[in-house]
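S.K.: If you read the sequence shown in this note's numbering, its first letter stands for residue 19, the second for the next number, and so on.
We treat Cβ as the ideally placed atom computed from N, Cα and C, and that holds for glycine.
Everything numeric in this text was worked out from a predicted model, so none of it was measured.
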Amino acid sequence: MTAQDIKKLLEPIVDSDFNEPLSRLNAINNIEVNGNSVKVYLEIVQPVHWIARKLDHYCTTTITANYPSAEVEILVRELLPPEHKVLPLVKNMIAVASGKGGVGKSTFAANLAASLVQQGATVGLLDADIYGPSQPTMYGLSGQSMQAEKQPDGSVKGFPNEQYGVKVASIGFVMERDQAAILRGPMLAGYFSTLVDRIEWGELDFLIFDLPPGTGDIQLTLTQRIPLSGAVIVTTPQEIALTDVRRSIQMFRKVNVDILGVVENMSYFIPPDMPDKKYFIFGEGGGKLVSDEFDVPFLGQIPIDVRIREGADQGFPFVLDPEHGSHAAAIQQIAANVVTQLRRKNRNQQRTEIDIQL
Ligand SMILES: Nc1ncnc2c1ncn2[C@@H]1O[C@H](COP(=O)(O)OP(=O)(O)OP(=O)(O)O)[C@@H](O)[C@H]1O
Ligand SMILES: [Mg+2]
């Protein structure tokens with residue numbers, strides 16, 4: 019067994035996000051063989067949280083199928099895009115948005131953050147909905163304030179509250195709802211900017227912005243000030259929601275923010291006592307329709323499930339409960355699809371490197 023033998027075995031293995039073999043991606047950086055010990059050094063485009071595990075599995079099983087006594091170790095190095103000036107310690111910034119209110123943006127943002135943490139990522143979640151912050155409730159943090167610290171230069175830094183492994187910050191931690199209601203658009207945008215500047219996130223793989231509905235001042239401030247990796251658009255299936263979604267996609271396009279894809283929420287209902295029935299309460303196929311129309315990826319469907327609403331109200335994101343089975347898996351798959359889209363985008367950027375622990 020030589021390094022060359024191992025390389026030959028691994029070269030045809032496919033990175034499923036790109037549908038290309040490791041050889042073509044130049045992903046096999048080095049192979050060390052010492053007796054029975056095989057060390058494989060891979061270099062892959064981040065975020066690596068899903069693909070690293072898959073490749074670890076494929077590479078290990080391929081090697082041991084051919085050399086049963088081999089002791090295999092796969093070491094992954096992630097390839098990063100160049101650092102940005104705003105929030106340089108955050109690798110990927112995702113806005114969860116929709117033109118329309120009440121379609122499940124906050125619910126999806128909460129569960130996306132939780133799904134990413136389940137894969138071992140470090141995640142921040144910023145609730146940017148000044149009029150109706152949801153994340154303090156959805157993460158069981160209502161009534162909390164943000165810990166703040168005065169800096170030597172007189173400015174104040176705020177620290178997000180960590181819950182279930184997610185760093186959560188909300189305008190709701192620093193401002194009363196009634197107080198927000200009397201602010202005008204530009205002042206609100208100013209508040210929002212201040213909030214974003216003053217939070218000490220530390221190093222993050224993902225920062226998720228839960229946006230208020232519409233295409234107003236907050237959305238514009240965010241897209242102008244923050245180097246977003248992209249936006250995920252949430253919709254429900256019916257035509258009346260799609261009209262607003264179109265407006266939202268057009269806004270992001272106008273300010274050159276990539277659309278990572280469309281998520282359709284409340285797609286169907288399966289009665290728990292009649293599992294072979296499926297009701298399309300809000301119509302069928304709207305999310306797919308609008309993603310085809312704008313030629314953006316369709317990321318998946320989330321069913322209507324009482325437990326999703328209960329999780330939101332009780333402050334425990336639905337996907338974190340291992341009992342929640344296939345509906346939780348549907349949301350986790352959407353999170354994986356978001357990561358696939360990010361990797362496709364990140365691949366085209368200049369790279370620096372960082373080692374990660376599997
Ligand atoms: N798939 C689902 N099944 C059941 N209930 C859901 C689902 N998605 C969202 N909900 C519920 O629908 C309500 C609205 O969801 P949510 O607050 O996430 O929407 P939103 O788009 O963030 O609203 P807003 O525009 O006000 O910010 C909440 O009570 C939530 O628990
Ligand atoms: Mg919301």
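(1) So is the beta-carbon of residue 34 under 8 Å away from any non-hydrogen atom of ligand 2?
(2) Measuring only from the beta carbon, is residue 339 closer than 8 Å to any heavy atom that is part of ligand 2?
(3) Quick check: what's the CA-CA separation for residue 227 versus residue 97?
(4) With H, G and I counted as helix, E and B as strand and the rest as coil, what does DSSP make of residue 179?
(5) Less than 6 Å between C-beta atoms, sequence neighbours within five positions excluded: which residues of the same chain meet that for residue 99?
(6) Would you tell me roughly how many angstroms separate the C-alpha atoms of residue 250 and residue 181, rounded to the nearest one?
(7) Nearest by alpha-carbon distance to residue 184: which of 262, 230, 145 and 318 is it?
(8) For a test of the three-state rule: what should DSSP assign to residue 95, helix, strand or coil?
(9) For a quick check, are the C-beta atoms of residue 70 and residue 81 less than 9 Å apart?
(10) Quick one: which unbroken beta strand (DSSP E) runs of 3-plus residues sit fully inside the stretch 217 to 295? Chain order, please.
(11) Between the C-alpha atoms of residue 214 and residue 354, what's the straight-line distance to the nearest angstrom?
(12) Identify which residue in 301, 27 and 229 has its Cα closest to the Cα of residue 117.
(13) Can you list, in chain order, the stretches of the beta strand (DSSP E) that have 3 or more residues and sit fully within the stretch 315 to 344?
(14) Going by C-alpha distance, which of 54, 75 and 253 is nearest residue 60?
(15) For the candidate residues 238, 20, 222 and 294, whose alpha-carbon lies nearest to that of residue 206?
(16) Hey, residue 337 and residue 133: beta-carbon distance below 9 Å or not?
(17) Measuring straight from C-alpha to C-alpha, what distance separates residue 358 and residue 176?
(18) Identify the continuous alpha helix (DSSP H) that holds residue 23 and give its terminal residues.
(19) Could you give the residue range of the beta strand (DSSP E) that holds residue 49?
(20) Within 8 Å, do at least three Cβ pairs link the stretch 153 to 163 to the stretch 271 to 284?
(21) Taking only heavy atoms of ligand 1 into account, decide whether any of them is closer than 8 Å to the Cβ of residue 116.
(22) Can you tell me the Cα-Cα spacing of residue 243 and residue 223, whole angstroms?
(23) Look at residue 281 and residue 305 and say whether their C-beta atoms are less than 9 Å apart.
(24) Note down the Cα distance separating residue 212 from residue 192, rounded to an integer number of angstroms.
(25) Between the C-alpha atoms of residue 79 and residue 262, what's the straight-line distance to the nearest angstrom?
(26) Taking the straight line between their C-alpha atoms, what separation do you get for residue 39 and residue 131?
(27) Kindly list the residues whose CB is nearer than 7 Å to the CB of residue 345, restricted to its own chain and excluding five residues on each side of it in sequence; keep chain order.
(28) Does the beta-carbon distance from residue 49 to residue 73 come in below 9 Å?
(29) May I ask you to report which of helix, strand or coil DSSP gives residue 108?
(30) Confirm the yes/no value for this check: CB of residue 124, any heavy atom of ligand 2, distance under 8 Å.
(31) Helix or strand or just coil, what does DSSP make of residue 39?
M.R.: On the basis of the supplied data:
(1) Residue 34 sits at position 16 when you count from the first residue of the sequence shown. Not so, every heavy atom of ligand 2 lies at least 8 Å from the Cβ.
(2) Taking the sequence shown and counting its residues from 1, one reaches residue 339 at position 321. No - ligand 2 has no heavy atom lying nearer than 8 Å to the Cβ of residue 339.
(3) Looking up residue 227 in the sequence shown gives position 209. Looking up residue 97 in the sequence shown gives position 79. When rounded, the distance between both Cα atoms is 24 Å.
(4) To locate residue 179, count along the sequence shown from 1; it is residue 161. Strand.
(5) In the sequence shown, residue 99 corresponds to position 81, counting from 1. The answer, listed in chain order, is 364 and 367.
(6) Position 232 of the sequence shown, counted from the start, is the residue given in the question as residue 250. Position 163 of the sequence shown, counted from the start, is the residue given in the question as residue 181. For residue 250 and residue 181, the distance between alpha carbons rounds to 23 Å.
(7) The residue labelled residue 184 in the question sits at position 166 within the sequence shown. Closest option to residue 184, Cα to Cα, is 145.
(8) Counted from its first residue, the sequence shown places residue 95 at position 77. Here residue 95 sits in strand by DSSP.
(9) As a position in the sequence shown, residue 70 is number 52, starting the count at 1. As a position in the sequence shown, residue 81 is number 63, starting the count at 1. Going by C-beta atoms, residue 70 is not nearer than 9 Å to residue 81.
(10) 222 to 228, 248 to 253 and 277 to 287
(11) Walking along the sequence shown from the start, residue 214 turns up at place 196. Walking along the sequence shown from the start, residue 354 turns up at place 336. Approximately 26 Å, taken between the alpha carbons.
(12) Taking the sequence shown and counting its residues from 1, the one referred to as residue 117 is at position 99. When only C-alpha atoms are compared, the closest one is 229.
(13) 316 to 322
(14) Within the sequence shown, numbered from 1, the residue matching residue 60 stands at position 42. Answer by Cα proximity: 75.
(15) To locate residue 206, count along the sequence shown from 1; it is residue 188. It is 238 whose Cα lies nearest to the Cα of residue 206.
(16) Walking along the sequence shown from the start, residue 337 turns up at place 319. Walking along the sequence shown from the start, residue 133 turns up at place 115. Yes, Cβ-Cβ distance for residue 337 and residue 133 is below 9 Å.
(17) In the sequence shown, the residue the question calls residue 358 occupies position 340. In the sequence shown, the residue the question calls residue 176 occupies position 158. Approximately 32 Å, taken between the alpha carbons.
(18) As a first step, residue 23 is located in the sequence shown; it is residue number 5 there, counting from the start. From DSSP, the alpha helix (DSSP H) with residue 23 extends over 21 to 28.
(19) Translated into the one-based positions of the sequence shown, residue 49 becomes position 31. Where residue 49 is concerned, the enclosing beta strand (DSSP E) stretches over 46 to 52.
(20) no
(21) Against the sequence shown, residue 116 aligns to sequence position 98. Checking every heavy atom of ligand 1 against the Cβ of residue 116, one is found closer than 8 Å.
(22) On the sequence shown, residue 243 is found 225 positions in, with the first residue counted as 1. On the sequence shown, residue 223 is found 205 positions in, with the first residue counted as 1. Spanning the two alpha carbons is a distance of roughly 19 Å.
(23) Working through the sequence shown from its first residue, we reach residue 281 at position 263. Working through the sequence shown from its first residue, we reach residue 305 at position 287. Yes, Cβ-Cβ distance for residue 281 and residue 305 is below 9 Å.
(24) Locating residue 212 in the sequence shown gives position 194, counting from the first residue. Locating residue 192 in the sequence shown gives position 174, counting from the first residue. Each residue's Cα considered, the two are about 11 Å apart.
(25) As a working note, residue 79 is residue 61 in the sequence shown. As a working note, residue 262 is residue 244 in the sequence shown. Going from the Cα of residue 79 to the Cα of residue 262 covers about 48 Å.
(26) Indexing the sequence shown from 1 puts residue 39 at position 21. Indexing the sequence shown from 1 puts residue 131 at position 113. Residue 39 and residue 131: Cα-Cα distance of roughly 30 Å.
(27) As a first step, residue 345 must be located in the sequence shown, where it is residue number 327. Closer than 7 Å at the Cβ level, and outside the excluded window around residue 345, lie 321 and 323.
(28) The sequence position of residue 49 within the sequence shown is 31, counting from 1. The sequence position of residue 73 within the sequence shown is 55, counting from 1. No. Outside cutoff.
(29) The sequence position of residue 108 within the sequence shown is 90, counting from 1. Three-state result, residue 108: strand.
(30) The residue labelled residue 124 in the question sits at position 106 within the sequence shown. Checking every heavy atom of ligand 2 against the Cβ of residue 124, one is found closer than 8 Å.
(31) For the purposes of this step, residue 39 is taken as the residue at position 21 of the sequence shown. If DSSP states are grouped into helix, strand and coil, residue 39 belongs with the strands.
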